[in-house]
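Scroll down for the structure; my scribbles are underneath it.
There are 2 protein chains.
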Amino acid sequence: MKKKLAVLLSGRGSNFEAIARAVREGKIDAEIAVVISNRPDARGLERAREMGIPSLCVPSRGVTREEYDEKLIEELRRHNPDLICLAGFMRLLSPAFIAAFRGRILNIHPSLLPAFPGLDAQRQAFDHGVRFTGCTVHFVDEGLDSGPIVMQAAVPVRDDDTVETLAERILEAEHATYPRAIALVLSGAYRIEGRRVVHRK
Amino acid sequence: MKKKLAVLLSGRGSNFEAIARAVREGKIDAEIAVVISNRPDARGLERAREMGIPSLCVPSRGVTREEYDEKLIEELRRHNPDLICLAGFMRLLSPAFIAAFRGRILNIHPSLLPAFPGLDAQRQAFDHGVRFTGCTVHFVDEGLDSGPIVMQAAVPVRDDDTVETLAERILEAEHATYPRAIALVLSGAYRIEGRRVVHRK
């Protein structure tokens, strides 16, 4: 039976589109079972509808994090995903959520973690003056951008870069890296040693 | 007049050798005016002597950091270096030392800073499970491996790496990167904006 992905997003969901493309092209051997947004106006929801992918909004306004995550767990369980992919989902997940899907939640972050966790990572890196930054796909644990690293891509900072041109190049790297990391995790061709994710041939 | 470098080291000084090679090959337009070690038995001192480069030991045993740095400042001033290059110099420098040569001290660190400052950076990176690490040449300020970054090189972590094979590959990157960074700083073809070192054409 085809493996199932769930994608959580809050905005335009360009990483969701990159994942959907990889699924369509057979680079990820799975189907996207559901796309969930916490914002009703997320452009990613609209794109999912256009692509005929089941999608829904679980609105986050006016509910506590615990209540929200309970609803989210309920919706996700209905679709029974093998892997949950955060794609610009702008909410911290509760320990209860992490526990419900432990080892089955991936996130992509626009820096070479552990450098520059948190918000606005591209600007953090730019202002710090690093010559390399990039993106990181990692398992989600209870910490902030702290789970075991599945895959990274390095992106050089150019002398004529602005935060915007740098962020654009990092985003391209994200679109190339996230689908490959998802395919790897779905294939099971890795083992976790301490906090290292070692890829198997 | 030729610009003058001073190199400080504590051990084998393989980065010192890479710098000496670059000087010999004309890739760094300067001379090494002096090599100073805090340890009398540092292999780097011996290599300097073999190469006919002035070298001396300012022993660090049994003196306070302030006393030590005072002696070091005195010895360095005698040679009037344009740039002081730390090459495996295993001592923290005092604020007085930094102030005496502000903007003229470089260090190389075996990670992509700001990730993994401090000791045993290669192992820190390996154990953290990053897929990219590397090396960083930076100006030295009062913090730990925290000054403005001049140059970095990214080094991928391979699935069959051990800490040792990884450290070996990082060291090769150091030998390629440090001379280029020194040549850049000596050329003056950069400006500092905030904590960014922007290279000029």
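Line by line, the protein sequences give chains A and B.
The opening residue of the first sequence carries number 2 in our numbering; numbering runs sequentially from there.
The opening residue of the second sequence carries number 2 in our numbering; numbering runs sequentially from there.
Ideal Cβ positions, reconstructed from N, Cα and C, are used throughout, including at glycine.
- Put simply, the CB of Gly195/B is near chain A, with a gap under 8 Å to one of its CB atoms.
- Looking from the CA of Met152/B, the closest CA among Glu26/B, Glu169/B, Tyr191/B and Glu165/B belongs to Tyr191/B.
- For secondary structure counted as the alpha helix (DSSP H) over 4 or more consecutive residues, the segment 97 to 138 of chain B holds these complete runs in sequence order: 122 to 129.
- Within chain B, the residues placing a beta-carbon under 8 Å from that of Gln153/A are Val131, Arg132 and Phe133, ordered along the chain.
- One thing to note: Leu167/B has its Cβ within 8 Å of the Cβ of Gln123/B.
- In the DSSP annotation of this structure, the continuous segment of the beta strand (DSSP E) that includes Lys4/B starts and ends at Lys4 to Leu10.
- With a minimum length of 3 residues, the unbroken runs of beta strand (DSSP E) contained wholly in the segment 13 to 75 of chain A fall at 31 to 38 and 56 to 58.
- Excluding sequence positions up to five before and after Ile106/A, its CB lies within less than 6 Å of the CB of Ile85 and Val141, all in the same chain and listed in chain order.
- For Ala182/A, DSSP records no beta bridge to any residue.
- Between the segment 64 to 71 of chain A and the segment 13 to 27 of chain A there are fewer than three inter-stretch CB-CB distances shorter than 8 Å, so the stretches are not counted as touching.
- Remark: three or more beta-carbon pairs, one from each stretch, lie closer than 8 Å, so the segment 97 to 111 of chain B and the segment 127 to 143 of chain B are flagged as touching.
- DSSP, read as helix, strand or coil, puts Ala174/A in helix.
- Interface with chain A (8 Å Cβ-Cβ cutoff): Leu185/B is excluded.
- Here Arg62/B is not near Gly14/B, since their CB atoms are 8 Å or more apart.
- For the segment 113 to 128 of chain A, the set of positions with a beta-carbon nearer than 7 Å to some beta-carbon of chain B reads Leu113, Pro115, Ala116 and Asp128 in chain order.
- Annotated three-state conformation of Arg192/A is strand, per DSSP.
- The straight-line gap separating the alpha-carbon atoms of Glu175/A and Leu187/A is approximately 18 Å.
- Closest in alpha carbon position to Asp146/A, among Val156/A, Ala154/A, Val158/A and Ala116/A, is Ala116/A.
- Within the same chain, Cβ atoms closer than 8 Å to the Cβ of Gly119/B are found at Gln125, Leu145 and Asp146, the five residues on either side in sequence being excluded.
- Using a CB distance below 7 Å, the part of the segment 157 to 187 of chain A facing chain B consists of Asp160, ordered along the chain.
- Counted as a single uninterrupted DSSP element, the beta strand (DSSP E) harbouring Ala155/A occupies residues Ile150 to Pro157.
- Exclusion of the five residues before and after Pro96/A leaves Glu143 as the residues of its chain whose Cβ lies within less than 6 Å of its Cβ.
- Taking a C-beta distance under 8 Å as the contact criterion, Ser56/A and Val36/A qualify as a contact pair.
- Listed in chain order, the non-local C-beta contacts of Phe133/A below 8 Å within the same chain comprise Leu113, Ala155, Val156, Pro157 and Val158, local neighbours out to five positions each way being set aside.
- Cβ-Cβ separation between Asp83/B and Lys5/B: approximately 5 Å, consistent with a contact (criterion under 8 Å).
- Annotation for Arg197/A: the continuous beta strand (DSSP E) segment containing it runs Arg197 to His200.
- For Leu84/B, the enclosing beta strand (DSSP E) covers residues Leu84 to Leu87.
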